[in-house]
Structures are given as C-alpha cells and as structure tokens.
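In the working numbering, the protein residues as written are 208 to 520.
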C-alpha cells in the first residue's frame with residue numbers, strides 16, 4: 208500500500224512543471240494579490256487561472272475540472288489545484304482567451320520558448336492576469352459587444368484584423384503629431400511640463416481621431432482601453448517585483464519613447480495596432496500623473512480614456 212502511494216506521488220510529481228516556473232507564478236500571484244489589489248480593487252479575487260505549456264505537457268492551474276486533463280493534486284507554491292494533459296497548444300503562446308469553456312484562461316509557454324528573460328516573463332503573466340481581471344469586471348463583455356466592432360466574428364479575430372486606416376497618409380500625419388506630444392510628456396522634467404504636454408496630446412488626439420470614422424474611433428478607444436491599460440498595469444506592477452523585474456520595467460518604460468520614435472520613423476502603417484498599445488499605456492500614465500481617480504472610472508467605462516483625458520484640459 209505504501210509503495211503504491213509512493214509510486215502515485217512520483218507519477219504526479221513527474222508530470223508537474225519545473226519548480227522554477229511554479230515559483231515564478233507564485234511571485235506573480237504575490238504581486239497582483241498585494242500591489243495589484245491596491246492598484247485595482249478586487250484584483251486579489253481573480254485566481255491564477257492559467258495553463259502553462261511545456262514541451263510535452265500542459266498544466267492547468269486554479270481551473271475547474273476540464274475533460275481531457277488529469278488531476279495532479281495541489282501545487283505547494285501557488286496553492287493551485289493542478290491538471291495535466293499532453294501538449295496541444297503552441298509552446299510559444301502568450302495570451303488570455305477562451306481556451307476552455309467557462310471564461311478566459313491565460314495560456315503561456317516557458318520563458319525559453321518565448322525567448323523571454325524571467326523578469327519579462329513574469330511581467331507578461333501580470334499583463335495577461337490583468338486581462339482576466341478585465342473579463343471579471345461587471346458588464347465588460349457586454350461593453351465590448353456594444354462597440355459593434357466584431358462584424359459577426361465570434362472568435363475575437365476582429366481585435367487583430369480590424370481594418371483601421373493605418374496606411375492613410377493624413378491619419379499617419381495626425382498620429383505623428385500625437386506621438387510628438389506623447390514624447391514631450393515622457394521627456395517632461397516637471398509637473399508643469401507634463402501638464403503642457405498632456406494638453407497638447409489631448410488636442411492632437413482629438414484632431415487625429417477626427418480623421419477617421421466613428422467606428423474607427425471606437426476601435427481606437429477599445430485598443431487603448433484593453434491593451435494599453437494592460438501594458439500600463441504590467442509595467443506599473445513590475446516595479447513591485449524583485450530587482451530584475453524592476454530593472455526590466457524601467458527599461459521598458461524608457462522603451463515607450465523608443466517605440467514612439469520608431470513609429471515616427473517607420474510610420475503607423477508599419478506598426479499598426481502595436482502603436483495603439485503604446486499610446487494607450489502613455490494615456491493611462493497621463494491620467495495617473497494628473498492625480499485623478501481614473502482607475503475607478505475605468506472600471507465603469509473601460510473604453511472611455513479619451514473622455515477622461517478631455518476633462519483634464
């Protein structure tokens with residue numbers, strides 16, 4: 208009997224991901240359940256609902272029982288229930304989506320498969336954890352649907368493939384003016400300089416969005432609210448991690464300016480929606496630096512950053 212129990216324990220242990228990855232996930236939990244909850248109310252109520260994709264097996268953390276997975280007990284590091292199965296997902300995946308019935312789940316490969324440092328990988332999990340948080344916000348899915356952007360798509364592909372007029376020269380020029388104001392904000396050395404740059408940005412933003420259709424405007428507001436705020440949250444929470452995470456976060460905050468310069472040099476038609484993520488992160492920081500309670504408003508109106516920015520002028 209004892210031998211059989213030992214063999215069973217060995218089998219389950221052999222199916223588990225390496226301790227390093229499980230320890231990193233536990234660090235992420237600690238950050239978003241502490242600092243994350245101070246940043247976003249009830250962040251600590253969102254479980255680490257995640258499938259970790261290894262070379263041969265996938266492991267579900269903190270998820271209800273799913274057909275095809277085998278129970279693997281409870282992880283002592285994350286305190287999550289575990290389930291495993293042979294790998295079916297791509298090993299270089301990093302996303303939050305409806306991979307299984309019952310709502311969004313994070314799916315992420317090992318750091319090596321994603322060519323990420325440990326610090327960047329943990330920040331990426333924080334990013335996806337915020338997407339889970341968004342999906343738990345009251346009426347979030349209904350608010351996305353009300354934007355009328357899906358054009359009949361049920362798999363979310365419209366989020367990536369929406370035909371925003373990135374290649375339109377007038378739109379590109381208008382977004383360049385926005386980018387220059389955003390750079391001035393990032394380079395500002397005083398509150399007065401930040402306020403001036405923010406005001407210039409808001410004016411340029413209104414002029415740029417006037418160049419596109421109302422539907423395109425809603426797509427812009429969706430992307431800056433969905434992905435831009437997720438990036439801002441990721442970078443902000445990474446400051447609460449270990450020294451490597453703090454250094455990585457500092458580098459990527461600086462990288463926002465580098466990205467803006469690249470958009471300026473290469474054009475919006477090259478960067479496409481990735482440029483919108485950069486603008487969104489900077490818009491969130493503008494609101495944060497303005498000292499307004501924008502995060503409470505965001506929970507009620509996640510795609511209203513533009514309205515909040517206009518109230519700053």
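No residue lacks a Cβ here, since even glycine has one placed at the ideal position from N, Cα and C.
Note down the Cα distance separating residue 310 from residue 358, rounded to an integer number of angstroms.
-> Just so you know, the alpha carbons of residue 310 and residue 358 end up roughly 21 angstroms apart.
Check whether the Cβ atoms of residue 412 and residue 513 lie closer than 8 angstroms to each other.
-> yes
Around the Cβ of residue 367, are there at least 16 other Cβ atoms within 10 angstroms (buried) or fewer (exposed)?
-> exposed
Residue range of the unbroken beta strand (DSSP E) whose run includes residue 305 | Counting along the chain, residue 305 sits inside the beta strand (DSSP E) bounded by residues 301-307.
Can you tell me which of the three DSSP states residue 370 falls into?
-> coil
Between the C-alpha atoms of residue 520 and residue 409, what's the straight-line distance to the nearest angstrom?
-> 8 angstroms
Is there contact here, the segment 346-355 with the segment 379-396, by at least three beta-carbon pairs under 8 angstroms?
-> In short, these stretches do not touch, since the Cβ pair count stays below three.
What residue ranges within the segment 267-350 form continuous beta strand (DSSP E) runs of no fewer than 3 residues, ordered along the chain?
-> Entirely contained in the segment 267-350, the beta strand (DSSP E) runs reaching 3 residues are, in chain order, 277-281, 288-293, 301-307 and 310-316.
In the DSSP assignment, find the beta strand (DSSP E) that holds residue 223 and state where it starts and stops.
-> Per DSSP, residue 223 belongs to no beta strand (DSSP E) and is neither H nor E.
The beta strand (DSSP E) spanning residue 475 covers which residue range?
-> Per DSSP, residue 475 belongs to no beta strand (DSSP E); it is in the alpha helix (DSSP H), 475-478.
Helix, strand or coil for residue 264 per DSSP?
-> strand
Around the Cβ of residue 399, are there at least 16 other Cβ atoms within 10 angstroms (buried) or fewer (exposed)?
-> exposed
Is it true that the CB of residue 427 sits closer than 8 angstroms to the CB of residue 416?
-> yes
Run of the alpha helix (DSSP H) containing residue 177, from where it starts to where it stops | Not covered by the structure: residue 177. The range shown for the chain is 208 to 520.
C-alpha distance - residue 435 paired with residue 266, whole-angstrom precision | 29 angstroms
Tell me whether residue 329 is buried or exposed, calling it buried when 16 or more other Cβ atoms sit within 10 Å of its Cβ.
-> So residue 329 ends up on the buried side.
Inter-residue Cα distance where the pair is residue 495 and residue 253 | 23 angstroms
In or out: residue 227 buried (at least 16 other Cβ within 10 Å) or exposed?
-> exposed
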